[in-house]
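Okay, structure first, notes after.
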Amino acid sequence: MYRVGGLKPISLNLKIICSTKKELKKMVKEGTFLDELYYRLSIVPLGLPPLRDRSSDIELLSNYFLDKSNKRFGKKIAGFEKSAIEFMKKYSWPGNIRELENVVEYVSNFKDKGYISEYEIRQRITVKQERDKSLDEMVKDYENGIINDLLSKYGETNESKQIIADKLKISRATLYRKLTQTKSQK
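Residue 186 is where the sequence shown ends in UniProt numbering, and the numbering goes up by one at each step.
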């Protein structure tokens with residue numbers, strides 16, 4: 001390697017890995033990025049699509065970050081409810097993998113065991129707009145999240161369901177109807 005403008009070679013044994021959201025080639029053409037630096041760095045350019053275009057990776061990455069968080073904080077959270085994974089797959093993840101990691105770590109800080117629910121994920125993510133959902137569907141999803149969270153907390157016995165119905169100020173029959181509707185949607 002040579003210093004810029006230098007004539008004497010400098011011996012180095014290193015690899016530089018860089019990442020950016022910017023279009024460096026375009027910036028070189030515009031003169032806003034040094035062309036010499038660009039050509040030194042772009043020997044093997046790798047293009048990685050954003051997380052929103054790789055929804056199939058979300059479950060694997062979420063479980064990886066949860067395992068990492070469990071080990072770091074000594075927790076025994078078993079995983080994610082199916083509805084939580086489905087919700088995360090539909091979310092656009094503007095902050096990419098860093099945002100996913102932060103959401104998983106944040107949610108796992110408030111739980112010691114069991115499964116992470118869709119409701120818990122929703123509490124952390126500020127959703128500006130859910131894709132392809134009507135208001136009715138969003139309300140049903142929100143209700144289902146609350147009910148699933150309470151089922152995780154209290155269990156699924158008849159007594160637990162009565163406690164949940166009382167907390168929600170609905171009859172047990174209404175709770176059972178909502179549970180049946182949720183199962184038929186899945």
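Glycine residues also receive a C-beta, built at the ideal position from the N, C-alpha and C atoms.
Note that this is a predicted model, so its numbers are computed, not measured.
{"Check": "Thinking just about the alpha-carbon of each residue, which of ASP136, GLU105, LYS68, GLU81 is nearest to the one in TYR119?", "Outcome": "GLU81"}
{"Check": "How would you label TYR91, buried or exposed, when you count the other beta carbons within 10 angstroms and need 16 or more for buried?", "Outcome": "buried"}
{"Check": "So, is PHE87 buried or exposed, given that buried needs 16 or more other C-beta atoms within 10 angstroms?", "Outcome": "buried"}
{"Check": "Is it the case that the Cβ atoms of LYS111 and ILE77 are separated by a distance below 8 Å?", "Outcome": "yes"}
{"Check": "Looking at the structure shown, is GLY145 part of a helix, part of a strand, or coil, going by DSSP?", "Outcome": "helix"}
{"Check": "ASN102: which of LYS75, GLY79, SER160, SER69 sits nearest, CA to CA?", "Outcome": "SER69"}
{"Check": "According to DSSP, what are the bridge partners of LYS113?", "Outcome": "LYS76"}
{"Check": "So, are the CB atoms of ARG122 and GLY95 less than 8 Å apart?", "Outcome": "no"}
{"Check": "Go to MET27, then tell me how far its alpha helix (DSSP H) extends in each direction, as first and last residue.", "Outcome": "24 to 30"}
{"Check": "Tell me the DSSP secondary structure of TYR91 in three-state form.", "Outcome": "coil"}
{"Check": "Give the single residue among LEU66, PRO49, LYS15, ARG172 whose Cα lies nearest to the Cα of TRP93.", "Outcome": "PRO49"}
{"Check": "Measure the C-alpha to C-alpha separation of TYR176 and ARG72 and round it to an integer number of angstroms.", "Outcome": "39 Å"}
{"Check": "Between which two residues does the alpha helix (DSSP H) holding GLU159 run?", "Outcome": "158 to 168"}
{"Check": "Between the Cα of LYS75 and the Cα atoms of GLY114, ILE85, ILE97, which residue gives the shortest distance?", "Outcome": "GLY114"}
{"Check": "Decide if SER108 is buried, meaning its Cβ has at least 16 other Cβ atoms within 10 Å, or exposed.", "Outcome": "buried"}
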